Structures are given as structure tokens and as C-alpha cells.
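**Q** Input: one structure, supplied below.
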Amino acid sequence: MSGVGQIFVLSGPPGAGKSTIAARVREDMPDLAYSVSLTTRAPRPGETDGVDYHFVTREGFQQRIQAGEMAEYEEIFGNLYGTSEKIVRRALDQGRDLFLDTDVNGAEQLQKRFNDGVFIFLLPPSRKVLEERLRGRATEDEDQVRQRLERVRYELTKAENYTHLVVNHDLDKAVAEVEAIITASRRRTERHLKLLEEFQAS
Ligand code: ADP
Ligand code: 5GP
2 MSGVGQIFVL
12 SGPPGAGKST
22 IAARVREDMP
32 DLAYSVSLTT
42 RAPRPGETDG
52 VDYHFVTREG
62 FQQRIQAGEM
72 AEYEEIFGNL
82 YGTSEKIVRR
92 ALDQGRDLFL
102 DTDVNGAEQL
112 QKRFNDGVFI
122 FLLPPSRKVL
132 EERLRGRATE
142 DEDQVRQRLE
152 RVRYELTKAE
162 NYTHLVVNHD
172 LDKAVAEVEA
182 IITASRRRTE
192 RHLKLLEEFQ
202 AS
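Residue numbers (the numbering used here): 2 to 203.
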């Protein structure tokens, strides 16, 4: 992959707070590029096509997979979710940093390709709190909530592969920590060698 952009991936079990934190980061860091994922699941009330997700049919998604248009994808809870290759390539080739929300398997696929990527795992304070938040969100029926809770154990087994771990107890603190990780990573010296050259030439 050419270009100097870097990827920032946020994962964590359903209900961990990924969407909430991503929305705040998006507001605070408008110069980052944000990947809107594709999904075959139906929109929830209040979700907008092209903003929360690109909602597509299973056939449409499968065609994109066949055409090599997906940077990563995964089947989760009976639906396909994935990141468009075009979005990744465009951002990074323009030298823009890219923020993505993917499940642990999607992150694993990206980790193989981007070894300088930053992979943040968002951990809820406890299983009990996670369950309360998931139920409190009230976007899934009981079966879907149970399905999501069953997946938590699996997602946690992958957490140690992440470069950073943030606990989402207090929302403001978790947002500040995610932003601090991003900011620190964007200041890595190897990403700014041109500044040193320019200074020397001035
Ligand atoms: P995810 O995108 O990881 O599935 P959400 O962002 O939808 O999770 O968060 C799940 C629910 O928990 C939402 O109703 C959200 O408002 C709430 N929530 C997120 N973070 C916190 C927090 N730190 N304290 C209390 N509630 C939170
Ligand atoms: P939800 O249906 O609650 O919005 O998302 C369900 C799961 O899909 C979450 O674990 C979320 O991280 C994951 N997800 C969302 N977008 C993507 C994506 O582009 N790729 C992958 N692999 N997972 C995604």
C-alpha cells in the first residue's frame, strides 16, 4: 500500500460503545477520514444510509467480494459487514489517516496488511454493564441481544492482539483516551521526516 496515511481500527463487543465513541472522535477530529461500512443488515430506526452504513443486499455484497472490492469482510449474526477497498485506498493514497470500526475478525484481516496500523480494543467495564447497555440501547430483540452476548467471550479472546486497550467506563474519559492514542500515533517521528528536512533547508 502506497501513501503515508495510517489506519486506526476500533473494535470491541457489541454494546461496548464503538459507535458512540466513533461519533465523538469524528466530531473532534474532522481531518481523519472515516470509513462507512457496508452491511446486509436492515437499518435500525434512526440510522441513515451512507452515514451509519451503506445498506446493501446480500447479492450486491457478494458481487463486491467477487470483484475484489472489499478490503475486509465478515459474516456476523447472519449478516455481512465489511470495508470497501476503494475507501481504504483513496484515504491512504491521499496521505489521510483512516478511522474504521470493525469486528475482531475484520481487524485481524487488516492487521496482516497494515502492520503500522493502530488497533484499539474497547472494553466495557464488566459483563453486567455491557448487558445493561446493550439492553438499554433497545435496538435488538431478546434473541438478538442473547446472540450478541454469546459472542463477547470470543471477541475477548482476540483482545490481546490489539495495540491498545481502552475501558469504556466514563464516556468522556474513554473518548479522551482514544483521541490521545490517535494523536500520539500521528506524531510519530518517522511520519514527519519531511518537517525535519524542511527545517534544515530553511
Ligand atoms: P457499539 O457500537 O459498540 O455496539 P454503542 O455505541 O451503540 O455500542 O453503545 C451501546 C449503548 O451504550 C448505547 O445506548 C450508548 O449510548 C451506551 N453507552 C456507550 N458508552 C457509554 C458509557 N461510557 N456510559 C454509559 N452508556 C454508554
Ligand atoms: P451492528 O449490527 O451492531 O451495527 O454491528 C455488529 C458488528 O459488526 C459489530 O461488532 C461491529 O464492530 C461489526 N462491524 C461493523 N462494521 C464492520 C466492518 O466494516 N467490518 C467488519 N468486519 N465488522 C464490522
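Just so you know, even glycine gets a beta-carbon here, dropped at the ideal spot from N, CA and C. Fair warning: this is a prediction, and the values are worked out from it, not measured in the lab.
Please state whether the Cβ-Cβ distance between Arg-65 and Thr-41 is less than 8 Å.
**A** Counting from 1 along the sequence shown, the entry for residue 65 is found at position 64. Counting from 1 along the sequence shown, the entry for residue 41 is found at position 40. No, these two residues do not count as a Cβ contact at 8 Å.
**Q** Curious, which full-length alpha helix (DSSP H) runs of at least 4 residues does the region 99-182 contain?
**A** Correct list: 105-114, 128-138 and 143-158.
**Q** Please return the same chain residues whose Cβ sits closer than 6 Å to the Cβ of Tyr-54, not counting the five positions on each side in sequence.
**A** Looking up residue 54 in the sequence shown gives position 53. Excluding positions up to five away in sequence, the list reads Ser-38 and Thr-40.
**Q** Determine the DSSP secondary structure at Asp-32, reduced to helix, strand or coil.
**A** What you label residue 32 is simply residue 31 of the sequence shown in a count that begins at 1. In the structure shown, Asp-32 sits in coil (DSSP, three-state: anything other than H, G, I, E or B).
**Q** Which term fits Asp-117, buried or exposed, when burial requires 16 or more other beta carbons within 10 angstroms of its beta carbon?
**A** Locating residue 117 in the sequence shown gives position 116, counting from the first residue. By the neighbour-count rule (16 or more Cβ atoms within 10 Å), Asp-117 is not buried but exposed.
**Q** Count the other C-beta atoms from every protein chain shown that fall within 10 angstroms of the C-beta of Pro-14, then say buried if there are 16 or more, exposed otherwise.
**A** Within the sequence shown, residue 14 is the residue found at index 13, counting from 1. Under this definition Pro-14 is a buried residue.
**Q** For Thr-190, which three-state DSSP category applies?
**A** As a position in the sequence shown, residue 190 is number 189, starting the count at 1. In the structure shown, Thr-190 adopts helical secondary structure according to DSSP, grouped into three states.
**Q** Can you tell me which of the three DSSP states Gly-6 falls into?
**A** Here residue 6 is taken as the residue at index 5 of the sequence shown, counted from 1. Reduced to three states, the DSSP call for Gly-6 is coil.
**Q** Report back the beta-carbon spacing between Asp-102 and Lys-19 to the nearest angstrom; my notes put them in contact at under 8 Å.
**A** One-based indexing of the sequence shown puts residue 102 at position 101. One-based indexing of the sequence shown puts residue 19 at position 18. Rounded, the Cβ-Cβ distance is 5 Å, consistent with contact.
**Q** Quick one: what's got a C-beta closer than 8 Å to Ser-3's C-beta in the same chain, skipping five residues either side?
**A** In the sequence shown, the residue the question calls residue 3 occupies position 2. Its pLDDT being 41, under 50, Ser-3 is placed unreliably by the model, and the measurement read from it follows with that caveat. Once the five neighbours on either side are set aside, the close Cβ partners of Ser-3 are Leu-93 and Asp-94.
**Q** Looking at the structure shown, is Asp-53 part of a helix, part of a strand, or coil, going by DSSP?
**A** Along the sequence shown, one-based indexing puts residue 53 at 52. In this structure, Asp-53 counts as coil in the three-state DSSP scheme.
**Q** So Ala-92 is in the alpha helix (DSSP H); what residue range does that whole segment cover?
**A** By 1-based counting over the sequence shown, the position of residue 92 is 91. Residues 86-94.
**Q** Just verifying my parser: in three-state terms, what is the DSSP assignment at Thr-21?
**A** Translated into positions along the sequence shown, residue 21 becomes position 20. Thr-21 falls in the helix class under three-state DSSP.
**Q** Return yes when at least one heavy atom of the ligand ADP lies under 7 Å from the C-beta of Lys-19, else no.
**A** Taking the sequence shown and counting its residues from 1, one reaches residue 19 at position 18. Lys-19 Cβ: within cutoff of the ligand ADP.
**Q** Is DSSP giving Gln-201 helix, strand or coil here?
**A** For the purposes of this step, residue 201 is taken as residue 200 along the sequence shown, with counting starting at 1. Three-state result, Gln-201: helix.
**Q** Mind checking which residues open and close the beta strand (DSSP E) that includes Glu-75?
**A** Within the sequence shown, residue 75 is the residue found at index 74, counting from 1. Counting along the chain, the beta strand (DSSP E) containing Glu-75 begins and ends at 71-77.
**Q** Please classify Pro-125 as buried or exposed, where buried requires at least 16 other C-beta atoms within 10 Å of its C-beta.
**A** Reading the sequence shown from its first residue, position 124 is the one you call residue 125. Pro-125 should be labelled buried.
**Q** Please classify Ser-12: is it buried, with 16 or more other beta-carbons within 10 angstroms of its beta-carbon, or exposed?
**A** Indexing the sequence shown from 1 puts residue 12 at position 11. Under this definition Ser-12 is a buried residue.
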